[in-house]
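Everything in the sequence shown is counted per the working numbering, starting at 806 for the first residue and increasing by one. Glycine included, every Cβ here is placed at the ideal spot set by N, Cα and C. What follows is one structure encoded as structure tokens, with my remarks underneath.
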Amino acid sequence: MSTKKIIKNGTIVTATDTYKADILIEEDKVKAIGKDLSDVYAEVIDATGQYVFPGGIDPHTHMEMPFGGTVTKDDFESGTIAAAHGGTTTIIDFCLTEKGKSLRSALETWHSKSDGRAVIDYGFHLQIVEANEEVLEEIPVVIEEEGVTSFKVFMAYKNVLQADDETLFQTLTTAREHGGLVMVHAENGDVIEYLTKEALKQGNTEPIYHALTRPPELEGEATGRAAKLTALADSQLYVVHVTCKEAVEQIAEARSKGFRVFGETCPQYLVLDQSHMEKPDFEGAKYVWSPPLRDKSNQEVLWNALKSGQLQTVGSDHCSFDFDGQKDLGRDDFTKIPNGGPFVEDRFSVLFSEGVKKGRISINQFVDMISTQAAKLFGLFPQKGTIAPGSDADIVLFDPNVERTISVSTHHMAVDYNALEGMKITGQPVSVLSRGEFVVKDKKFVGNPGTGKFLKRAKFNDRTIVKREEATANR
Ligand code: URP
Ligand code: ZN
Ligand code: ZN
């Protein structure tokens, strides 16, 4: 196998530039970019008619995660194979912790799930469920020694994953001191618990009640609370899976005051709405995740927030469960439907098709949202998130014109349905390289489980963050 490759005739697209040039790859890195590059020892890859993108970075996945009385269907092998087919070359997965156990033991569990399985590179965020003395002392240790620099606090899922405000605040202050980034699932879990019990008391058991007991006000309230605690702690916050106007407004307000508050949305909230949860014959369960799908008017709010830079990234929140045997645990009670949906494979192409092709965002903004901003926020830039000399050769050769229909019959995720079934999109990754080696070649998987490496990430550094608000204003 040649350790050198030259990608010729493609159009390179980064978060800032679009231009035609060749890329010389040597071993796992981009060695040079220029016109008419040649090297007799290099394998030549023809990218005529294709965009050459940096590999996607998905900052939000849940592989082989115990949740809702079952375990997510995709593990680090099937999930990363699907990710690679979809143009993603790095995932950052959520490592769950248990009260009373060390953070390090949780990381060991997650390493044992991923070691020898992943086909693309990966990192971990670490859940903080209880900020006791031992945990607060361990946070700087995992930042320095384990390269785990982001910490997730769930403000919902009462009696399961939820942490209290004291834990959130102490995590924020500790992260500020040691260079961590705190992430929140922002919904008011206490009020949701009350509304859920009331719904069940009244015999309301269908999937749609999942949405009706988690209204957008409760996401807005929790987002605002987390943002205010972040300001008080002078810390940094990343709000995962933002779904609605109420939450976007809170993030925008915090940012307008100069606070380090960032936000992510997901493809499902950009293209699906709450009416999917009303499908008959329990089909609505396929669309049960948290926060829930919203009224359609929120889609435009989210697109505008991405475009204007109020939200920075698009994660998949890939949390896959089969319809048969997993989602149907909640056939008689919506609270027993495992929360989550399968999106790791389609995140990249859906954002390209619905965003770039439909003129909602520029192609450079697309790269920024799908890759660069996640690399910057989570301490991977410039190793990942761009195409530049010295960066990892994580590269997607993308056909921007092929028309196709998303379907369970062609996807590579391990689940028995696709929540975007039948959606017509334009564009598809053709070949994908992870650190200079093909993992997908001509749409076929050619990688090997175990070649994906665990990434130790750098501390949070505000100076590397591109301010898309400013970039947009100057464009
Ligand atoms: O329903 C969801 N989103 N499941 C995954 C866990 C989470 O809240 O991100
Ligand atoms: Zn969540
Ligand atoms: Zn999630």
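The region 1121-1128 contacting the region 830-843, beta-carbon criterion three pairs below 8 Å: no
Tyr1074: CB within 8 Å of a non-hydrogen atom of ligand 5: Although ligand 5 was asked about, the structure shown includes only ligand 1, ligand 2 and ligand 3 as ligands.
Buried or exposed (CB count within 10 angstroms, at least 16 for buried), Glu869: buried
Enclosing alpha helix (DSSP H) for Gly1029 [first to last residue]: Pro1021 to Ala1038
Residues near Ala826 in its chain [Cβ-Cβ closer than 7 Å; skip 5 each side]: Ile817, Ile838, Gly839 and Lys840
Thr875 and Phe899 closer than 9 Å at C-beta: no
Rounded separation between Ala1278 and His916 - CA only: Because Ala1278 sits at a pLDDT of 47, beneath the cut-off of 50, its placement in the model cannot be relied upon, and the point is left open.
DSSP beta-bridge partners of Gln1233: Asp1204
Proximity to Thr1070 [Cα-Cα], best of Met1082, Ala1179, Ser1158 and Ser1061: Ala1179
Those residues which DSSP pairs with Asp851 across a bridge: Lys813
At least three beta-carbon pairs within less than 8 Å, the region 1200-1213 to the region 1253-1270: no
When Val1155, Ile1166, Phe1087 and Pro1096 are compared against Asp1138, the one with the closest alpha-carbon: Phe1087
Cβ contact check for the region 1010-1018 and the region 880-893: 3 or more pairs under 8 Å: no
Beta-ladder partner(s) of Gln990, from DSSP: A small correction: the amino acid at residue 990 is His; Gln does not occupy that position in the sequence shown. Answer is Phe959, bridged to His990.
Where Arg1280 sits in the DSSP three-state scheme: In this predicted model, Arg1280 has a pLDDT of only 40, less than 50, meaning its place in the structure is not dependable enough to derive any value.
Environment of Lys878 [buried if 16+ CB atoms lie within 10 Å]: buried
Pair within 9 Å by beta-carbon distance, Gly984 and Ile948: yes
Three-state secondary structure (DSSP) of Ser1154: helix
beta-carbon Phe959 near ligand 2 non-hydrogen atom, thresh 8 Å: yes
Neighbour-count burial assignment, Val965, 16 or more Cβ in a 10 Å radius: exposed
Alpha helix (DSSP H) segment containing Pro1072, residue limits: Pro1072 to Val1076
Val1045: CB within 8 Å of a non-hydrogen atom of ligand 3: yes
Option in Gln1131, Phe1148 and Gly1241 with minimal Cα separation from Pro871: Gln1131
Distance, Lys809 Cα to Arg1019 Cα: 52 Å
Among Arg1209, Val924, Ser1239 and Asn1253, the one whose alpha carbon lies nearest that of Gly1227: Arg1209
Unbroken alpha helix (DSSP H) run spanning His890, endpoints: Phe881 to His890
C-beta contact flag for Asp1197 and Val835 at 9 Å: yes
Thr1048 - DSSP class collapsed to helix/strand/coil: coil
Extent of the continuous beta strand (DSSP E) to which Asp827 belongs: Asp827 to Glu831
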